[in-house]
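Participant: Here it is: the structure, laid out below.
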DNA sequence: AGTCCCCCCATTTTT
DNA sequence: TGGGGGGACT
């Protein structure tokens with residue numbers, strides 16, 4: 001068969017990786033080196049030349065987006081839909097396994113997936129139940145503890161507390177939480193992975209089946225795997241030596257949520273027969289940008305080692321701009337972005353990346369002032385919105401009456417007279433009888449010891465859910481969701497909410513109906529499973545699982561031509577012709593919270609490396625000499641990360657006559673930006689009425705020019721042509 | 001039940 | 001500086 005289309009477009013290293021004989025391998029893929037290409041071409045190669053059935057291939061990613069993209073690209077390569085191949089996220093695949101083998105996994109057939117919000121609520125309830133002081137034992141912290149333990153593969157009985165009160169308490173919360181999950185048939189994200197791992201540990205026959213089934217295992221972004229994910233992969237690979245992992249230790253930026261960079265670092269010793277291939281040729285950035293990235297990351301110890309290079313030229317120097325303050329920094333960025341567009345480029349080709357979300361507001365304001373369309377990534381996602389979760393709470397109760405999380409969420413929403421006291425009573429009953437909240441509510445609705453009013457309210461709610469269930473018995477998904485929204489009373493409830501907020505919520509509910517209409521489950525994973533001890537999931541349960549596992553898009557229309565604003569974390573995997581890295585200051589980036597441990601500082605440096613390598617043509621570092629943060633001004637030095645880049649790759653941008661030059665880099669190349677309206681930032685001025693002040697910002701030109709001046713009585717925007725400002729020496 | 005106020009807090013995010 | 005959560009008050 002002619003396979004030239006699979007190999008033709010590849011460089012030597014890529015081709016070697018794609019055509020590797022079937023044994024374990026590590027593909028160390030630098031930023032922009034064609035990682036996804038290798039992965040997808042490898043799979044196409046296995047299918048077309050090695051004759052491996054798609055059915056025998058498992059490809060794992062971290063995000064749904066990556067999984068969808070991989071599937072799409074393989075299908076494009078093969079020019080045929082991929083049937084039977086498992087492509088999915090760790091969580092998605094673990095979920096399918098547990099559905100198929102729920103008995104072996106000791107789960108109820110219709111177990112429910114809790115997302116982070118459900119989990120937090122449940123943990124909170126558990127800490128309350130244990131009588132813990134919520135101030136001293138915040139639910140967030142307990143949740144974090146539980147998840148970290150699960151990520152490490154630990155159950156409560158595995159944790160040694162050494163008599164330590166903190167550990168002892170957290171373990172007791174973990175234990176009680178676990179009981180609550182079991183009682184309600186609920187499973188959190190970390191549990192999906194842990195259970196899937198235990199499923200194989202405890203069921204050799206099942207494991208053997210999957211050993212025989214999979215001829216090739218492929219993992220994307222391997223540097224982001226946590227302990228349990230790697231353990232799961234290893235047990236699945238067994239002695240078969242069929243695991244190909246692709247990743248980049250220099251881009252490991254998720255240690256704080258359990259990712260273990262050690263996994264990729266020790267892969268070759270765990271798989272002594274494995275081959276390592278480095279992809280170092282970069283197809284994205286200019287030589288200058290790559291040199292900067294290489295120098296920067298060279299400051300980290302214990303790297304596997306990799307040096308990016310390009311056949312293309314050096315391109316432009318990297319610009320460094322020292323803003324007078326964060327407003328000036330943002331102004332500079334918006335100005336450069338505007339220039340970029342004026343030069344005939346698209347808005348969406350420019351990205352502003354920052355370390356923390358708090359930085360986005362000032363940047364946003366600058367974009368608004370400059371009349372530049374922008375999009376901020378990382379807002380709330382569709383299935384995470386309160387109104388969506390509320391509507392789905394009812395749906396969940398229809399499918400699963402014992403879903404306590406859903407019960408708590410909607411029992412009094414919209415308000416129907418089941419307040420805190422009644423709910424407390426229901427909870428107590430549920431606890432003492434060891435039954436779900438729904439059942440406890442059922443008992444109370446006929447209990448003479450409860451006031452008639454409460455009984456009525458509770459039976460009203462029970463009747464509501466029962467009616468919804470009956471009326472939608474033969475309905476399709478769309479009708480079901482529609483009916484539930486109508487009957488629940490959520491619509492009038494949100495209509496009362498004033499402002500655009502309520503309107504937006506109603507629109508989202510309408511959107512939920514349409515999501516239900518177009519929903520179509522992932523057939524490859526749901527029906528092509530090894531053993532069939534369960535019936536296929538109902539469409540309803542498929543939809544609910546989907547809502548938990550895939551939060552949907554964030555806000556904003558991705559198709560619009562907008563300047564892209566996002567954190568450096570969310571920029572991973574993306575690329576832009578122009579990139580601004582904002583807030584390059586000690587304390588902000590590297591963040592002060594990461595300064596104590598060397599390991600965390602290195603992770604910050606990797607994050608910076610990720611940021612730098614997003615840029616294709618032009619890269620800007622900007623920082624603010626003074627920054628208002630949490631209400632107080634701080635004066636930060638230039639980030640060490642900028643200092644770690646050779647001076648000859650940098651050029652400093654400066655406003656003429658700028659007063660202070662506190663921590664500037666001593667670069668030889670300095671280009672100046674002409675000031676506007678005769679004022680420079682930081683300049684002291686005098687006003688007849690307001691007295692002395694400092695110029696913070698300016699905008700416009702000629703008669704329209706305005707300056708933002710900070711006087712002792714506050715800051716003001718003044719028209720230059722009227723204000724008659726005097727400069728003060 | 002809903003509103004208001006005060007206090008506390010303050011990286012990064014996917015599933 | 002501002003947002004969120006919890007408690008108190010109406």
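Numbering (this note's numbering), first residue to last: 1 to 729.
C-beta atoms are modelled at their ideal positions from N, C-alpha and C, and glycine is treated no differently.
Since we're looking at a predicted model, the values are computed, not measured.
Roughly how many angstroms separate the alpha carbons of residue 57 and residue 207, rounded to a whole number?
Facilitator: Distance between the alpha carbons of residue 57 and residue 207 is about 16 Å.
Participant: I'd like the ranges of any alpha helix (DSSP H) spanning at least 4 consecutive residues and lying wholly in the stretch 374–441.
Facilitator: Qualifying alpha helix (DSSP H) stretches, in chain order: 386–399, 404–410 and 420–433.
Participant: Between the stretch 473–491 and the stretch 444–462, can you find at least three pairs of beta-carbon atoms closer than 8 Å?
Facilitator: Not touching, per the Cβ criterion.
Participant: Please report how far the alpha carbon of residue 688 lies from the alpha carbon of residue 563, in whole angstroms.
Facilitator: Rounded to whole angstroms, residue 688 to residue 563 spans 40 Å at the Cα level.
Participant: Tell me the residue span of the beta strand (DSSP E) that contains residue 564.
Facilitator: Looking at the DSSP string, the run of the beta strand (DSSP E) that includes residue 564 is 563–567.
Participant: Please name the residue in 77, 89, 96 and 118 whose C-alpha comes closest to that of residue 392.
Facilitator: Taking only the C-alpha atoms, the option nearest residue 392 is 118.
Participant: For residue 168, count the other beta carbons within 10 Å of its own beta carbon; 16 or more makes it buried, fewer makes it exposed. Which is it?
Facilitator: Exposed.
Participant: Taking a contact to mean a Cβ-Cβ separation below 8 Å, would you say residue 509 touches residue 399 in this structure?
Facilitator: Cβ atoms of residue 509 and residue 399: not closer than 8 Å.
Participant: Buried or exposed: where does residue 166 fall if 16 or more other Cβ atoms within 10 Å of its Cβ makes it buried?
Facilitator: Exposed, because fewer than 16 other Cβ atoms sit within 10 Å of the Cβ of residue 166.
Participant: Have a look at the DSSP bridge pairing and note the partners of residue 278.
Facilitator: According to DSSP, residue 278 bridges with 28.
Participant: Roughly how many angstroms separate the alpha carbons of residue 32 and residue 384, rounded to a whole number?
Facilitator: Taking the straight line from one Cα to the other gives about 32 Å.
Participant: If you compare alpha carbons, which of 72, 286 and 636 is closest to residue 36?
Facilitator: Among 72, 286 and 636, the Cα nearest to that of residue 36 belongs to 72.
Participant: Just to confirm the assignment, what range does the alpha helix (DSSP H) spanning residue 56 have?
Facilitator: Where residue 56 is concerned, there is no enclosing alpha helix (DSSP H), given that its DSSP letter is neither H nor E.
Participant: Can you tell me where the alpha helix (DSSP H) holding residue 166 begins and where it ends?
Facilitator: Its alpha helix (DSSP H) spans residues 165–184.
Participant: Excluding the 5 residues flanking residue 410 on each side, which residues of the same chain have their C-beta closer than 8 Å to its C-beta?
Facilitator: Excluding residues within five positions, the ones whose Cβ falls inside 8 Å are 390, 393, 394, 397 and 488.
Participant: So, at 7 Å on beta carbons, what are the nonlocal neighbours of residue 770 in its own chain, with the 5 sequence-adjacent residues on each side left out?
Facilitator: Nothing can be reported for residue 770: it is not among the residues displayed for the chain, which extend from 1 to 729.
Participant: Return the CA-CA distance between residue 348 and residue 50, expressed in angstroms with no decimal places.
Facilitator: So the alpha carbons of these two residues sit roughly 41 Å apart.
Participant: Does the stretch 15–31 come into contact with the stretch 196–211, if we say contact requires no fewer than three beta-carbon pairs (one atom in each stretch) closer than 8 Å?
Facilitator: Result no; under three Cβ-Cβ pairs closer than 8 Å.
Participant: Taking a contact to mean a Cβ-Cβ separation below 8 Å, would you say residue 329 touches residue 29 in this structure?
Facilitator: No.
Participant: Within the chosen definition, does the stretch 305–322 reach the stretch 60–72 through at least 3 CB pairs nearer than 8 Å?
Facilitator: The answer is no - the stretch 60–72 does not touch the stretch 305–322, with fewer than three Cβ pairs under 8 Å.
Participant: Taking the Cβ atom as the reference point for each residue, do residue 607 and residue 568 lie within a distance shorter than 8 Å?
Facilitator: Result yes, Cβ atoms of residue 607 and residue 568 sit closer than 8 Å.
Participant: Between the Cα of residue 266 and those of 153, 198 and 223, spot the shortest distance and give me the residue it belongs to.
Facilitator: Taking only the C-alpha atoms, the option nearest residue 266 is 223.
Participant: Taking DSSP's pairing of strands, which residues face residue 323 in a bridge?
Facilitator: Residue 323 pairs with 624.
Participant: Please identify the residue among 494, 18 and 600 whose C-alpha is closest to the C-alpha of residue 413.
Facilitator: Here the closest residue by C-alpha is 494.
Participant: What's the gap between the Cα of residue 581 and the Cα of residue 153?
Facilitator: So the two alpha carbons sit approximately 37 Å from each other.
Participant: Buried or exposed for residue 672, going by 16 or more other Cβ atoms inside 10 Å?
Facilitator: Caution is warranted here: a pLDDT of 46 is assigned to residue 672, below 50, making its placement in the model unreliable, and no coordinate value can be reported.
Participant: Spatial neighbours of residue 243 within its chain, please: C-beta separation below 6 Å, excluding the five flanking residues on both sides.
Facilitator: Contacts found: 24, 217 and 237.
Participant: Going along the chain, which residues of its own chain have a beta-carbon closer than 7 Å to the beta-carbon of residue 227, five neighbours each way excluded?
Facilitator: Hits under 7 Å: 151, 152, 153 and 260.
Participant: So residue 189 is in the alpha helix (DSSP H); what residue range does that whole segment cover?
Facilitator: First-last of the alpha helix (DSSP H) with residue 189: 189–202.
Participant: Would you report the Cα separation of residue 492 and residue 183, rounded to the nearest angstrom?
Facilitator: Roughly 34 Å between the two C-alpha positions.
Participant: Quick test of the definition: if touching needs 3 or more C-beta pairs under 8 Å, does the stretch 624–633 touch the stretch 296–309?
Facilitator: The stretch 624–633, when compared against the stretch 296–309, does not touch it at the 8 Å Cβ threshold.
Participant: What are the residues that DSSP puts in a beta bridge with residue 692?
Facilitator: DSSP lists 686 as partners of residue 692.
Participant: Check this for me: beta carbons of residue 720 and residue 685, under 8 Å apart or not?
Facilitator: No.
Participant: For residue 633, list the residues DSSP reports as bridge partners.
Facilitator: DSSP output for residue 633 lists 628 as bridge partner(s).
Participant: State the Cα-Cα distance for the pair residue 547 and residue 652, rounded to the nearest angstrom.
Facilitator: Rounded to the nearest angstrom, the two C-alpha atoms are 48 Å apart.
Participant: Measuring straight from C-alpha to C-alpha, what distance separates residue 100 and residue 181?
Facilitator: Whole-angstrom Cα-Cα distance: 20 Å.
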